[in-house]
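A.B. asks: Quick one: this structure, given as structure tokens, is what I'll be asking you about.
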Amino acid sequence: MMSESTAVDMPESSSVSKGKAPLIAAPMNKKGGYKKGVAIFDFILRLAAIVTALAAAASMGTSDETLPFFTQFFQFQASYDDLPTFQFFVIAMAIVAGYLVLSLPFSIVAIVRPHAAGPRLLLLILDTVALTLNTAAGAAAAAIVYLAHNGNASANWLAICQQFGDFCQKVSGSVVASFITVVILVFLVVLSALALGRH
């Protein structure tokens, strides 16, 4: 009887070790681990993009300088709201930052369910829209910052950065922060595309 029980137990243990279930589960775990790692990296990049987008909007929104020499009738002042391009920049960067904050729950869903294609596809589409808006705002502001630094002799536009140094420094920093956000958004779009391509 003992020999029979051992004979019965032996094939069972060998069949479990030779079964297909562990071989199928191993690649799925590797694939899920890859997707989960991509989703976690996506979440970290979103946090970084929120910081840079808010920094760009805040730096531009607080750029204001008044020259010390002024009279009762004339006062020389430079502010972001003097130029519609800078106003558009502040609004666009605030929208991008707001979108990135709202996208965090979807990024968390992608971490919890790495094989779900729906949240990843939605993030890919909305990230592309945010990238377009961010690039447009950054490029427009960069053109004005260039004119502020160098002027344009043909159009008789004077460079104002020699007088308004602090103002130019803040707006230049905000444009740099916006282009850092552009780079991060490009990485987010590529990550989403790679994650969808593995489905």
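The opening position of the sequence shown corresponds to residue 5 in the numbering used here, with each subsequent residue numbered one higher. Just so you know, even glycine gets a beta-carbon here, dropped at the ideal spot from N, CA and C.
1) Taking all protein chains shown into account, decide if G122 is buried (16 or more other Cβ within 10 angstroms of its Cβ) or exposed.
2) Pop quiz: Y84 and G102 are said to be a contact at Cβ under 8 Å. What is the actual Cβ separation, rounded to whole angstroms?
3) Between A53 and I164, how many whole angstroms is the CB-CB distance? I'm expecting something under 8 Å.
4) Note down the Cα distance separating N160 from A120, rounded to an integer number of angstroms.
5) Is it true that the region 107–121 meets the region 152–159, where meeting means three or more beta-carbon pairs spaced less than 8 Å apart?
6) Would you decide whether D86 is buried or exposed? Buried here means 16 or more other CB atoms lie within 10 Å of its CB.
7) Enumerate in chain order the residues of its own chain whose CB-to-CB distance from F3 is below 8 Å, with the five nearest sequence positions on each side excluded.
8) Using only the alpha-carbon positions, how far apart do S178 and A59 sit?
9) Return the Cβ separation of L195 and V42 in integer angstroms, given the expectation that the two are a contact with Cβ distance under 8 Å.
10) Can you check DSSP and say which residues form a bridge with N156?
11) Assign V94 to one of two classes, buried (16 or more other C-beta atoms within 10 Å of its C-beta) or exposed (fewer than that).
12) Under three-state DSSP, which class holds V140?
13) Pick from A197, Q167, G201 and F171: whose alpha carbon is nearest that of I129?
14) Sorted by chain position, which residues of the same chain lie with C-beta nearer than 6 Å to P118's C-beta, five sequence neighbours on each side aside?
15) Could you check whether T185 and A57 sit closer than 7 Å to each other, using their CB atoms as the reference points?
16) Is the Cβ-Cβ distance between A141 and A96 less than 7 Å?
17) Mind reading off the beta-carbon distance from S182 to N138? Whole number of angstroms is fine, and I expect it under 8 Å.
18) Tell whether a beta-carbon distance below 7 Å holds between A98 and F171.
19) Can you check whether the CB of A134 is closer than 7 Å to the CB of V100?
C.D. replies: Looking at the atomic coordinates:
1) exposed
2) Y84 to G102, Cβ: 19 Å. No contact.
3) Actually they do not touch by this definition, with Cβ atoms about 31 Å apart.
4) 57 Å
5) no
6) exposed
7) In this structure the chain extends from 5 to 203, so residue 3 is not present and cannot be described.
8) Going from the Cα of S178 to the Cα of A59 covers about 7 Å.
9) 6 Å
10) W161
11) buried
12) Strictly speaking, residue 140 in this sequence is Ala, with Val absent from that position. Of the three classes helix, strand and coil, the one that applies to A140 here is helix, per DSSP.
13) A197
14) G36, K39, K40 and A43
15) A contact, by the Cβ cut-off of 7 Å.
16) yes
17) 6 Å
18) no
19) yes
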